Amino acid sequence: MASSSYLEPSLNHSAAGGCGVKSRLGIPGGPGTSGSAGGLERPPTSMDRVLKIFHYFETNSEPSTWASNIRHGDATDVRGVIQKIAEIHKLRCVSSLGLRLTHLHSDALHWLHPDLGVSHVREKYEKQHPQEEWRYELRIRYFPKGYLSHFSEDKPSLNYLYHQVKSDYMQQTADRVDQDVALKLGCLEIRRFFREMPGNALDKKSNYELLEKDVGLRRFFPKSLLDSLKAKTLRKQIQQTFKQFANLNDEQSIHKFFEILFPIYPFDKECFKCALGSSWVISVELAIGPEEGISYLTDKGSTPTHLANFNQVQSIQYSALEEKDRKGMLQLNVAGAPEPLTVTTASLTTAENMADLIDGYCRLVSSVPHSFIVRVHKDGDRALPSLPKVSNHEKRMEKRMDGVRTRAVCVSETDDYAEIIDEEDTYTMPSKYYGLDQARDYEIQRECIELGRCIGEGQFGDVHQGVYISSDNPALSVAVKTCKNSTSDSVREKFLQEALTMRQFDHPHIVKLMGVITENPVWIIMELCTLGELRSFLQVRKYSLDLASLILFSYQLSTALAYLESKRFVHRDIAARNVLVSTVDCVKLGDFGLSRYMEDSSYYKASKGKLPIKWMAPESINFRRFTTASDVWMFGVCMWEILMFGVKPFQGVKNNDVIGRIENGERLAMPPQCPPTLYSLMTKCWSYDPSKRPRFNELKTQLSTILEEERLQQKERSRMEMRRQVTVSWDSGGSDEAPPKPSRPGYPSPRSSEGFYPSPQHPGHYQMAGYPGPHTLPSVPSALYPPPAPMVDTHHAHTHPRHHIHTHSHTQLLPQPHGADMALWGSAVEKPDTRSSRGSLDRDEGGLQPTGSQHIYQPVGKPDHVAPPKKPPRPGAQSQVGSLACLNTADSYNDGVKPWRLQPQEISPPPTANLDRSNDKVYENVTGLVKAVIEMSSKIQPAPPEEYVPMVKDVGLALRTLLATVDETLPQLPASTHREIEMAQKLLNSDLAELIGKMKLAQQYVMTSLQQDYKKQMLTAAHALAVDAKNLLDVIDQSRLKMMAHSRPH
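Read the sequence shown against full-length UniProt numbering and you will find it ends at 1050, with the numbers running on by one and no gaps.
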C-alpha cells in the first residue's frame, strides 16, 4: 500500500518521516470524505478534489509508492501544490521544482507551468484519458549553477535530487551500464542506506543474507547484473566493491554516486530534437542546462554551439504552426540578437515543454516569480490562464507563506498580517450571521454621533474618537470605526461582521458594541477605552507597571476568552494590539474582525483574509484550521507580549520562516521578569499537539492562583522594604560621619553602582536594592546575565542615586591604580567564584560585592581610623560601559540569602599602594587582559556568530602575552612561591578553554532559543578569566612582598 501524505486542511499533518497522516479516502475519487471528528461532510462533486503527487522524499516503503495526496480547490494552481509539498518536507529549492504529468500507457509527457490552475489541468487531460492513467510527479528540473555545492548546504534538496536521479538511473540506464559501474553505484547506495553499518559487515555471511533476503539486492543493483553473475561471484564482488566506500558518510556517498554516473547519464540537462528556423532546414539537438545555457549539436560527436544564456532571454512564445501535422514553434527574444531565435518542434507539446524549461531557468537565474512566457491567444491554442484582476490602487505580489497560498497587499514578509487566498470555500461562517438586515437592529442615527480625532487604524478603516448624544446620556464618549471603501455590498458585509459578532457578547472584559450605521459610509460605534491599545500602553508605562499588573491583564483576558469559548466563538486574532485599556487596572478584548462562530463543528476553517502569522498556532498556519485550542496558542503569545512590555514575537523573522522554527521545537524565550510558574503555563499553551493545550477555564483558574501568589509576595516585599528602610535610618542616625561624596557632575555613575539582591519569591531572580520591587525594572535584552536574572536599564543606572553598601570581604588586596587605568579598574566588580573558596561571600551577613564607586579589589570593612572617602575619578576620565560589573551572574550568589542591611560605606587605603607599578609588566598585561574581556563583553550581544572568533582571539592573545610575562618574571621570585603561581597560570588556561567551548556552542546553536543562553555562558567564562587574572596578580604581588621582606636588613 502506498505510503502517502494526506493534506486535507481540516486534519493535523505531520511531516515526520516524510509521509504524515494517511488518506481517509477509501478509494481516491470516492463520493465524499469526512474531516476530523466533528467536521462537516463534503458534498460529492463532479471531479474529486484530491490529487496524488508522486515525489522523492524517502520513507520506509518502496520508492515507487512515495506520494502525497493533496486536496485542492478551484483557485489552487500548480505553484501552490509544489510549494505546499516543499514546505511540509522542508525543501528550500522551491524555484528548482517542476510538476510533470505522464500518461502511463503512452509516451505523452507534459510539464505543467506553475501558473496553470489544477482544476483546469485536470479538466483538460482527464477528458483525454481516465484519471488513473495519469501520473503527477514532483521533480527537480531547473538546476542552479554549481548545484551540487548549492544543494550540499540544503540537505533535503540534495537527498531529493539523489533519489530522483537514482530512480531515473535504475529505470532507464542501469541495464545498459558496465558491470563495474553498476557494482559501484549499488554499493554506494548500500553505504548510504545503511549509514551505521561497519565497513566489514558484509564479510559475515549472516549479514549478507540479511541484505539479500530481507532488503533485496534488486533495490541496489540492476536485474541484468544479478542475472549475469553466479551467486557466489556476485557476493564476492559486492563485498570487495563495498570496502572501497566503507569509510564514506551518506553525503560523500551521494557525491561519489553523481561523480560516477554523470559521464554516462548527464542528468542536469535536457535535449530536444528540433530544427532551427521556422521550417525543417537544420535538424539539431537542442541542449538546455545550467552550464551550457541554450546550445545545439548537429550530430552526436560535434561540439555544442552556444545560442544564448538564460539572462539574455527577454520573452518566450510558442504556438502551433498552421499545418496539418500540427508542428510546434518556439520563439525566444534574446537581448542583442537582431531577430528572435526560432525553433520548430515535432509537436506543440514539445514546444510547450521546452518553453516551460527555459522559462523556469529564466525565473531561477533572475530570481523573479513572474513568467517570461508571452501567451498567444488563438483559437485552439493553449494559453495560460489570466491572473485575477486587481484594483488599480493595490499592487499585489504572489508568494507562498507557511504552507498556504497567499497574496500580500503591499506588505513586507515581516508584517503582522499576511493574506491567505481561498483554496476551497468549504467551511464558512453560517449565513444566518451575515447580512445587513441583522445589523440594522442596532442602527443609530448618524446625527447622534459627533466624529472627533483619529485615534487608530484598522484593517478596513480608521478608528475615531466620538461623542454619542442620546436621551439617556447627553454626551457619551465612544469609539467610531469607519470603513474606507463601503461602496461594495461585500466589503460592507465583511466590515459589519465584527459588529454582528460583538452584539452577542456581554462581558466586563470585552469591548461593548453601542450600535452601527449601515448606510454609506458605514460606521461601527463601540465603547471607548480611553487609554488606547495595550501594546502602546505597555511601552509607555514600561517603568511603572509591576508584575502583578501584567498578570492581572493576562487573567482578565483569560476570563474574556473563557466566555468566548462558552459561546462557541474563536477569536483568531488574540494579540496585545487588539486588547484595549479601559483603566490602569482593566483591559478589554477588542477587534472581532476575524472572529467566527463554530456552529456544530469543533473548528473553523479560514478562507480569505489577512491573518497574523507570527501569533498563530501551527495547524492554523499550515491548514488554516482555527479552534479554541488555536486561540489558546495565540493567548500564550499575547501573554508573552504583555510580559515583554509590548515586544512583538519573532522580531526580524520572516513570516515564511516562522512555521519552520515552530516545527523544529523552538518557542519564544522566557521573558526576563516572568515567574517560572507563569512561563510553564505559557509553554503548555504552545504544545504542538492541540489536544495537549489547556482550556481557557483551566488557564483562568491557574492565572488567578499565580496572581494571588504574586500579590502576597508583593506585600511581603513591601514589608521587607519598610523594615530595610527603618534599619538604614537607625544605622545612619547614630553616626557622626559625613556621607560619601556623590560623583562629580558630568561623570555618570557606572552600572555596577546598583546593588542586586535575590527576589524573595524566586531566589534565582534579582531585584534592585532600594527600589520598590523587582518588577518595576524595564525589560531589556539579557545579554550579560544568565536567565532568569533581569537586566538593569542604563536609564536607571544614570538617573537614580547610588545605594552605597556596607559589606565584608576576604579577598586579596590590589594596589590603587594610577592615571588612565583608574576608570577601568574602578568600574569593575569582582565576582565570587563558586569553584574555589576565594572571594566567597559572608553568608551570615549576606554581603554584596563592592560597588562601582569603590576600588575593584578594595576591602570595605570598617577601618581602625576614620578617613574621608576617596575622591571620584576625574570628570574627563573615560568610563568603561562594558565593565566587569556587567558580568555578574546568578552563580555569584547563594540561593535563599537574606537581604542585607544598607549602611554608609567607608573605604580604607590599600595596603599594597607602596608597590611601584611604573615598570610592572605583569600589572600592565593583567590590565590589558581585563580590557580585552570588557571589550568583548560590550560587543558580544549584537555581534553575529562569525565575529565571536576575533573577539575571543583578542582575549586569548592578551592572556598569552600575560603568561609569557609571568614566565619571564618567575625566576626573580622566591622558589617557594613558584608552584602557587604555576597553578594560577594553569587555571587561566582552563578558563580560556572554557570560553572557547562556550563560543563554539553559541555558534552551533545560532538562530535557536539556546543562542542567548550560550552567549551568557561565554560572558560568565570571560568574567572568570578576568577574575583569575587578578588572582594571579595577587599571588605575584604577595611573592614580591615576601621577597622584599627577606631582603630588608635586620
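Don't be surprised by glycine CBs; every beta carbon is placed ideally from N, CA and C.
What you are looking at is a predicted structure, and each value in this text was computed from that prediction instead of being measured.
If you follow the beta strand (DSSP E) that Cys274 is part of, which residue opens it and which one closes it?
-> Counting along the chain, the beta strand (DSSP E) containing Cys274 begins and ends at Glu270 to Leu276.
Identify whether Tyr296 lies in helix, strand or coil by the three-state DSSP scheme.
-> Strand at Tyr296.
Reference Gln317; option with closest CA among Thr305, Ser295, Ala308 and Leu341 = When only C-alpha atoms are compared, the closest one is Leu341.
Put Phe57 into one of helix, strand or coil per three-state DSSP.
-> Coil.
Could you give the C-beta distance for Ile981 and Leu970, rounded to a whole number, given that I count them as a contact under 8 Å?
-> Your pair Ile981 and Leu970 checks out as a contact, with CB atoms roughly 6 Å apart and the cut at 8 Å.
Residue 1051 - containing alpha helix (DSSP H), residue span | Residue 1051 lies beyond the residue range present for the chain, which begins at 1 and ends at 1050; the question has no answer from this structure.
Output the distance between the C-alpha atoms of Ala335 and Pro290, rounded to the nearest integer angstrom.
-> Going from the Cα of Ala335 to the Cα of Pro290 covers about 19 Å.
Among the residues of its own chain, which have a CB less than 7 Å from the CB of Leu1001, if the five just before and after it don't count?
-> Counting only residues of its own chain and dropping the five nearest sequence neighbours on each side, Leu1001 has a CB closer than 7 Å to the CB of Tyr1014.
Out of curiosity, what's the CA-to-CA distance linking Arg693 and Leu678?
-> Approximately 15 Å, taken between the alpha carbons.
C-alpha distance - Lys931 paired with Met951, whole-angstrom precision | So the alpha carbons of these two residues sit roughly 12 Å apart.
Quick one, are the C-beta atoms of Ser704 and Tyr555 less than 7 Å apart?
-> The answer is yes: Cβ separation under 7 Å.
Cβ distance (whole Å) where Phe220 is taken to contact Glu259 below 8 Å = About 18 Å separates the Cβ atoms of Phe220 and Glu259, ruling out a contact at the 8 Å cut-off.
Could you tell me whether the region 470-484 touches the region 448-458, using the rule of 3 or more Cβ pairs below 8 Å?
-> Yes, the region 470-484 is in contact with the region 448-458.
Alpha carbon to alpha carbon, how far is Pro671 from Asp462?
-> Straight-line Cα distance between these residues: approximately 33 Å.
Neighbour-count burial assignment, Arg723, 16 or more Cβ in a 10 Å radius = Exposure of Arg723 is indicated by the presence of fewer than 16 other C-beta atoms within 10 angstroms of its C-beta.
Which of helix, strand or coil DSSP assigns to His464 = In the three-state reduction of the DSSP assignment, His464 falls in the strand class, which pools E and B.
Quick one: grab the DSSP three-state call for Cys529.
-> Here Cys529 sits in coil by DSSP.
Quick one: what does DSSP say Gln164 is sitting in, helix, strand or coil?
-> The DSSP-derived three-state label of Gln164 is helix.
With a floor of 3 residues, list each beta strand (DSSP E) that falls wholly inside the region 170-204, ordered by position along the chain.
-> Annotation: the region 170-204 contains no complete segment of the beta strand (DSSP E) (minimum length 3 residues).
How far does the alpha helix (DSSP H) with Trp615 in it reach, from first residue to last?
-> According to the DSSP assignment, Trp615 belongs to no alpha helix (DSSP H), since it is labelled neither H nor E.
Sub-7 Å separation of Ala182 and Leu225 beta-carbons | Cβ distance < 7 Å, so Ala182 and Leu225 count as in contact.
State buried or exposed for Ala1026, treating a residue as buried only when at least 16 other CB atoms are found within 10 Å of its CB.
-> By the 10 Å Cβ count, Ala1026 comes out buried.
Pull up the DSSP beta-bridge partners for Tyr136, would you.
-> Per the DSSP secondary-structure output, Tyr136 pairs in a beta bridge with Ile53 and Leu101.
Within 7 Å, strictly: CB atoms of Val1035 and Ala984 = The Cβ atoms of Val1035 and Ala984 sit closer than 7 Å to each other.
State the Cα-Cα distance for the pair Ser68 and Leu138, rounded to the nearest angstrom.
-> For Ser68 and Leu138, the distance between alpha carbons rounds to 10 Å.
According to the Cβ coordinates, are Gly636 and Trp686 closer than 7 Å?
-> Yes; because the gap between Cβ atoms is below 7 Å, this pair is in contact.
From which residue to which residue does the alpha helix (DSSP H) around Gly660 run?
-> In the DSSP annotation of this structure, the continuous segment of the alpha helix (DSSP H) that includes Gly660 starts and ends at Asn655 to Glu663.
When DSSP builds the beta bridges, which residues end up paired with Cys586?
-> According to DSSP, which records beta bridges pairwise, Cys586 is partnered with Thr583.
On the three-state DSSP scale, how would you describe Leu248?
-> Coil, per DSSP.
In the DSSP assignment, what are the bridge partners of Ile449?
-> Note: Ile449 sits in a beta bridge opposite Tyr468.
Just grab the DSSP bridge partners of Cys454 for me.
-> Paired residues: His464.
Segment contact flag, the region 100-107 with the region 146-159, C-beta cutoff 8 Å, min 3 pairs | In short, these stretches do not touch, since the Cβ pair count stays below three.
Reduced DSSP secondary structure (H/G/I, E/B, other) of Gln131 | In the structure shown, Gln131 adopts helical secondary structure according to DSSP, grouped into three states.
Mind the definition here: the region 552-566 touches the region 498-513 only if three or more C-beta pairs lie below 8 Å; say whether that holds.
-> Under the Cβ criterion (8 Å, minimum of three pairs), the region 552-566 counts as touching the region 498-513.
Residues bridged to His110 by DSSP?
-> His110 pairs with Leu101.
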